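Per our numbering, the sequence shown runs over residues 524 to 624.
Where is the CB? At the ideal position from N, CA and C, for every residue including glycine.
None of these values were measured; they are calculated from a predicted model.
Encoded as structure tokens, the structure appears first; notes follow it.
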Amino acid sequence: MDLDYRLKYNGNFCSFNNCKSEVVLLLGIQTSRGKSYYCVPHAKQTIMQDRQIIKRKINLLNNSNPSAHVACIAVNVYFSLRNLLKENNRMLNLINANFEV
């Protein structure tokens, strides 16, 4: 999937803490909380914050000892988080390669 971006239209602002900067380009970032659009600096910041959240969740799974009936769910969550971490890393690399901040 390519880097998802769109030009700002009237009333469309960066999703980062009510950022109201006059940005021309918004980047669509898929995080552990869903997909939102951010200006380039906040896209990078959001990815870095989300990586910390994902790593904490993975560590919790690694340190837990789930019973048999939830083990399958835990494994699925683990791999979903790992895939999201890889995707966020890929997005960060694309942003760094294509946009100067």
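For residue i, the residue or residues it bridges with in DSSP
{"i": "residue 581", "result": "Answer by DSSP bridge pairing: none, since residue 581 is not bridged."}
{"i": "residue 560", "result": "551"}
Beta-carbon gap between residue i and residue j smaller than 8 angstroms
{"i": "residue 566", "j": "residue 577", "result": "no"}
{"i": "residue 550", "j": "residue 574", "result": "no"}
{"i": "residue 538", "j": "residue 561", "result": "yes"}
Nearest-angstrom Cβ-Cβ length linking residue i and residue j, presumed shorter than 8 angstroms
{"i": "residue 495", "j": "residue 605", "result": "A query on residue 495 cannot be resolved here, the shown segment of the chain reaching from 524 to 624 and no further."}
{"i": "residue 584", "j": "residue 600", "result": "7 angstroms"}
Contact set for residue i: own chain, Cβ-Cβ below 7 angstroms, skip 5 residues either direction
{"i": "residue 536", "result": "542 and 543"}
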